[in-house]
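Student: Next up is a structure, given as structure tokens.
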């Protein structure tokens, strides 16, 4: 992680360059009256990771629970105000910068802030309540307005069905109840005892509502409905809703009551509407006047609420930052112990040793600013506990260190592979992704991200773009290394570059004969372009890239084994240097190191050289694969066709013997040494704790006490597992590096196929169509190049390079069992809360 500490850096020797920072366990005595301001200044510094000294106490029993609850309530109110601003689409101003937010908060400032936020929340809640009440009344009036407007049409259409409703109601086979009507004109509803129910219902329920009524009343009704065109706003959610006006004619009071019950169960709103047209017109005029008045009142309320929230939005982010920082301060203080006699808080924590002076300067800040007279005291404690691991990084190294930390955080003072990853990771990626053109595009994208990193930082909140932005320097090196390997492969978008004169001479072609080139020199840099387009290009590159992958793999694994020496020396396990390192390095080099030497030796010989008489000096080149197989099947014997040099058979027998001796060497030496040391301790009268020598106890916060333990059976089992694993991994890991060869060939072939299928056909058309065809072909080629070769193939090569570092390289020397240094830092607290 990027350090928030900006202090002087002590000079580092080469032996400590790839280790973590020196850490110190410190104890602080902070007077109670200045504790809040002191911890706040330490939070701005971000240099101490405080230990929890109250781990046996529940959260609700700690000293500053009331203060945290008060701040939680303020934060809840601020979130409410923030949501209100978002609903009105009001931009929230960024927090104030400078000393205003950096200085500690006085208790009275928090009280004033609490009162201010409470007043703002009360005013907004009051306006929201009034707005909701008026909005609900406005919706009712709008519904009544539409009911009144549609009633005349409903009544005209309903009178045509009144006689049918009356006949159905007196028909004993269909009526639900016996009607009690008086004779009268068919067009007068009151004489037929036909009533109606009017209301409003959600548009999505109208069809279900109609079917339920039809079945419940056996068709003894007439229903009509119409859509409300004016927008309706839900007062509670402020979302737009769609409703329909309906009117139902039916005969009999019992049926009308049943209709009302069904309507209410479906969520409909019923209204009483006058039957007299004159009364309806008067009511419509009255409703229109009320709607106009309500709209004016709602407009004024919205403007007032908007003006109030605009003022809140100016300070909202600043208030939220203050509250989050204060919560972090009191949460940290809950980790301290209160000494009632001294009236001070006692704290313990880890900090980088080089930051001790800066912490002292922070603690010596004028305590009178917080009303205290006595400053805080810092003392360094001597302990055997294992400190957390802290690697100082910057913008460039942060991405590489993140790759290592995902695998596991280094144990304190363990060799950190992050330094080597800066070079090895982009290089192995480039071996698989080697193309000058693709590397150039990747470099340009990474350069844009690096140059505009400040502008693009605000957009890095998304998961995908955030990963690309965080690894911008990693992508930059991957692109640059890909350009370099592309020059070595002489490959740019599957085409070759003739930067220098070719080292091959081609005779004039003869019809019906195979043309064979003659070597007249050596191409100065990279692959000779004469190979491009030849029939045996794939055979040549297959052999070249496969052997190159083996060489790179053996070199990187050898480096990983060598780095174990630094770990053994630091952790006082020098016996492991010749008990584990020496047999391991001899084992891998006697087999695979020998293979690398034979590969380079074979490359150094001109197998087609002839003497003055034109007689070939060498037989056909031997197969190194057969040589390696028969090295184990028939030790000491080398077939003449597989022999590289004289005395090869006895040398291979010697190397096999060394490898076989190394197996029991690795298996038995370390357990024997540990047993001898244990016996010496027992003879001296001590009783060691039973357990594993490599295990350590841990307390509640991950600190380790460093007591060595001993259990011979467990040590023997672990050593046997490690020995078998190492011997098998030497074979599997070496084969795993062949992915460099496979991915490189796949990338080159896919690039060639893409070029042949898009660009080649575009310039094979007649000249009149060339501008259009070339433009269209280039667009398709570039789109597929970026999407498939850069994105998909690039991601594939990235993941394979990641696996090679995690398993094949880190697995040789890196345990990754440490605990990351996480200091109390306001910057980290605010970033995590924003996420």
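Residue numbers (this note's numbering): 7 to 841. For glycine and all other residues, C-beta sits at the position ideal for the given N, C-alpha and C.
From which residue to which residue does the alpha helix (DSSP H) around residue 530 run?
Tutor: By one-based count along the chain shown, residue 530 stands at place 524. No alpha helix (DSSP H) contains residue 530, which DSSP labels as neither H nor E.
Student: If residue 533 sits next to residue 573, beta carbons under 8 angstroms apart, how far is it from one beta carbon to the other, in whole angstroms?
Tutor: As a first step, residue 533 must be located in the chain shown, where it is residue number 527. As a first step, residue 573 must be located in the chain shown, where it is residue number 567. About 40 angstroms; that fails the 8 angstroms criterion.
Student: Mind the definition here: the stretch 404-418 touches the stretch 808-824 only if three or more C-beta pairs lie below 8 angstroms; say whether that holds.
Tutor: yes
Student: Would residue 643 pass as a contact of residue 655 if the rule is Cβ separation under 9 angstroms?
Tutor: Position 637 of the chain shown, counting from 1, holds the residue named residue 643. Position 649 of the chain shown, counting from 1, holds the residue named residue 655. Contact: yes.
Student: Just list the alpha helix (DSSP H) runs in the stretch 424-477, keeping only unbroken ones of 4 residues or longer that don't cross its boundaries, in chain order.
Tutor: 424-438, 442-457, 459-462, 469-476
Student: Across which residues does DSSP place residue 230 in a beta bridge pair?
Tutor: Residue 230 sits at position 224 when you count from the first residue of the chain shown. In DSSP, residue 230 forms a bridge with 253.
Student: If you count every other CB in all the chains shown that lies within 10 Å of the CB of residue 545, and 16 or more means buried, which is it?
Tutor: Taking the chain shown and counting its residues from 1, the one referred to as residue 545 is at position 539. Residue 545 sits exposed, since fewer than 16 C-beta atoms from the chains shown fall within 10 Å of its C-beta.
Student: Taking all protein chains shown into account, do 16 or more other C-beta atoms lie within 10 angstroms of the C-beta of residue 718, making it buried, or fewer, making it exposed?
Tutor: One-based indexing of the chain shown puts residue 718 at position 712. Around the C-beta of residue 718, fewer than 16 other C-beta atoms lie within 10 Å, and the residue is accordingly described as exposed.
Student: Measuring straight from C-alpha to C-alpha, what distance separates residue 868 and residue 111?
Tutor: Missing from the structure shown is residue 868; the chain here goes from 7 to 841 and no further.
Student: With DSSP collapsed to three states, give me the class of residue 37.
Tutor: Residue mapping note: residue 37 aligns to position 31 of the chain shown, counting from 1. Correct three-state label for residue 37: strand.
Student: May I ask you to report which of helix, strand or coil DSSP gives residue 358?
Tutor: As a first step, residue 358 must be located in the chain shown, where it is residue number 352. In the three-state reduction of the DSSP assignment, residue 358 falls in the strand class.
Student: Measure the alpha-carbon distance for residue 3 versus residue 794 and round it to whole angstroms.
Tutor: The structure shown does not extend to residue 3, since the chain is modelled only from 7 through 841, so no value can be given for it.
Student: By Cβ distance below 8 angstroms, which residues in the same chain neighbour residue 15 in space, the five residues on each side in sequence not counted?
Tutor: The count along the chain shown starts at 1 and reaches residue 15 at position 9. The predicted position of residue 15 is uncertain, since its pLDDT is 42 and thus under 50; a value taken from the coordinates is nonetheless stated next. If we look at residue 15 and ignore the five residues flanking it on each side, its Cβ neighbours are 360, 398.
Student: What span of residues does the alpha helix (DSSP H) with residue 738 cover, start to end?
Tutor: As a position in the chain shown, residue 738 is number 732, starting the count at 1. Its alpha helix (DSSP H) spans residues 718-742.
Student: Is it true that the stretch 385-401 meets the stretch 75-90, where meeting means three or more beta-carbon pairs spaced less than 8 angstroms apart?
Tutor: no
Student: I'd like to know whether the C-beta atoms of residue 318 and residue 80 end up nearer to each other than 9 angstroms.
Tutor: Residue numbering aside, residue 318 sits at position 312 when the chain shown is read from its first letter. Residue numbering aside, residue 80 sits at position 74 when the chain shown is read from its first letter. Taking 9 angstroms as the Cβ cut-off, residue 318 and residue 80 do not qualify as a contacting pair.
Student: Is residue 478 closer than 9 angstroms to residue 452 when the C-beta atoms are compared?
Tutor: On the chain shown, position 446 is the one that residue 452 refers to. On the chain shown, position 472 is the one that residue 478 refers to. In this structure, residue 478 lies closer than 9 angstroms to residue 452 by Cβ.
Student: Leaving out the 5 sequence neighbours to the left and right, which residues in its chain are closer than 7 angstroms to residue 780 when beta-carbon positions are compared?
Tutor: Position 774 of the chain shown, counted from the start, is the residue given in the question as residue 780. Hits under 7 angstroms: 768, 769.
Student: Could you check where the beta strand (DSSP E) with residue 345 kicks off and where it finishes?
Tutor: Within the chain shown, the letter at position 339 stands for residue 345. Element bounds for residue 345: 343-345.
Student: In the structure shown, what three-state DSSP assignment does residue 510 receive?
Tutor: Translated into positions along the chain shown, residue 510 becomes position 504. Three-state result, residue 510: strand.
Student: Below 8 angstroms on the Cβ atoms is my guess for residue 140 versus residue 315; work out the distance and round it to an integer in Å.
Tutor: Position 134 of the chain shown holds residue 140. Position 309 of the chain shown holds residue 315. The beta-carbon separation of residue 140 and residue 315, rounded to 18 angstroms, does not stay under the 8 angstroms limit for a contact.
Student: Label residue 536 either buried or exposed according to how many other C-beta atoms from any shown protein chain fall within 10 Å of its C-beta, with 16 as the threshold for buried.
Tutor: Position 530 of the chain shown, counting from 1, holds the residue named residue 536. Here residue 536 is buried, its C-beta having at least 16 other C-beta atoms within 10 Å.
Student: Which residues does DSSP pair with residue 144 in a beta bridge?
Tutor: Here residue 144 is taken as the residue at index 138 of the chain shown, counted from 1. Bridge partners of residue 144: none, in fact.
Student: Just to confirm before moving on: does the CB-CB distance between residue 351 and residue 830 stay below 9 angstroms?
Tutor: Taking the first residue of the chain shown as position 1, residue 351 is located at position 345. Taking the first residue of the chain shown as position 1, residue 830 is located at position 824. No. Outside cutoff.
Student: Could you give the DSSP three-state label for residue 205: helix, strand or coil?
Tutor: Residue mapping note: residue 205 aligns to position 199 of the chain shown, counting from 1. Correct three-state label for residue 205: strand.
Student: Do you know offhand how far residue 311's Cα is from residue 237's?
Tutor: The count along the chain shown starts at 1 and reaches residue 311 at position 305. The count along the chain shown starts at 1 and reaches residue 237 at position 231. Taking the straight line joining both Cα atoms gives about 22 angstroms.
Student: Are the stretch 268-284 and the stretch 218-237 in contact at 8 angstroms, needing three or more beta carbon pairs?
Tutor: The stretch 268-284 makes contact with the stretch 218-237; the number of CB pairs closer than 8 angstroms reaches 3 or more.
Student: Express the C-alpha separation of residue 820 and residue 26 in angstroms, rounding to a whole number.
Tutor: Walking along the chain shown from the start, residue 26 turns up at place 20. Walking along the chain shown from the start, residue 820 turns up at place 814. Residue 26 and residue 820: Cα-Cα distance of roughly 13 angstroms.
Student: My understanding is that residue 598 touches residue 560, with C-beta atoms under 8 angstroms, so please give their C-beta distance in whole angstroms.
Tutor: For the purposes of this step, residue 598 is taken as the residue at position 592 of the chain shown. For the purposes of this step, residue 560 is taken as the residue at position 554 of the chain shown. That belief holds up - the Cβ atoms of residue 598 and residue 560 are roughly 5 angstroms apart, short of 8 angstroms.
Student: Sorted by chain position, which residues of the same chain lie with C-beta nearer than 7 angstroms to residue 589's C-beta, five sequence neighbours on each side aside?
Tutor: Residue 589 sits at position 583 when you count from the first residue of the chain shown. Counting only Cβ-Cβ distances below 7 angstroms, and skipping sequence neighbours, we find 668, 671, 672.
Student: What does the Cβ neighbour count give for residue 789, buried or exposed, with the cut at 16 atoms within 10 Å?
Tutor: The residue given as residue 789 occupies position 783 in the chain shown. It is exposed - the Cβ of residue 789 has fewer than 16 other Cβ atoms within 10 Å.
Student: Determine the burial state of residue 584: buried for a count of at least 16 other Cβ atoms within 10 Å of its Cβ, exposed for fewer.
Tutor: For the purposes of this step, residue 584 is taken as the residue at position 578 of the chain shown. With fewer than 16 Cβ atoms within 10 Å of its Cβ, residue 584 is classed as exposed.
Student: Roughly how many angstroms lie between the CA atoms of residue 432 and residue 460, to the nearest whole one?
Tutor: The residue labelled residue 432 in the question sits at position 426 within the chain shown. The residue labelled residue 460 in the question sits at position 454 within the chain shown. Between residue 432 and residue 460, the C-alpha separation is close to 24 angstroms.
Student: Among the residues of its own chain, which have a CB less than 6 angstroms from the CB of residue 51, if the five just before and after it don't count?
Tutor: As a first step, residue 51 is located in the chain shown; it is residue number 45 there, counting from the start. Result list for residue 51: 368, in chain order.
Student: Output the distance between the C-alpha atoms of residue 179 and residue 207, rounded to the nearest integer angstrom.
Tutor: Numbered from its first residue, the chain shown carries residue 179 at position 173. Numbered from its first residue, the chain shown carries residue 207 at position 201. Reliability of the predicted coordinates at residue 179 is poor, the pLDDT of 43 falling under 50, and no value is obtained from them.
Student: So what's residue 624 in DSSP terms, helix, strand or just coil?
Tutor: As a working mapping, residue 624 is identified with position 618 in the chain shown. Reduced to three states, the DSSP call for residue 624 is coil.
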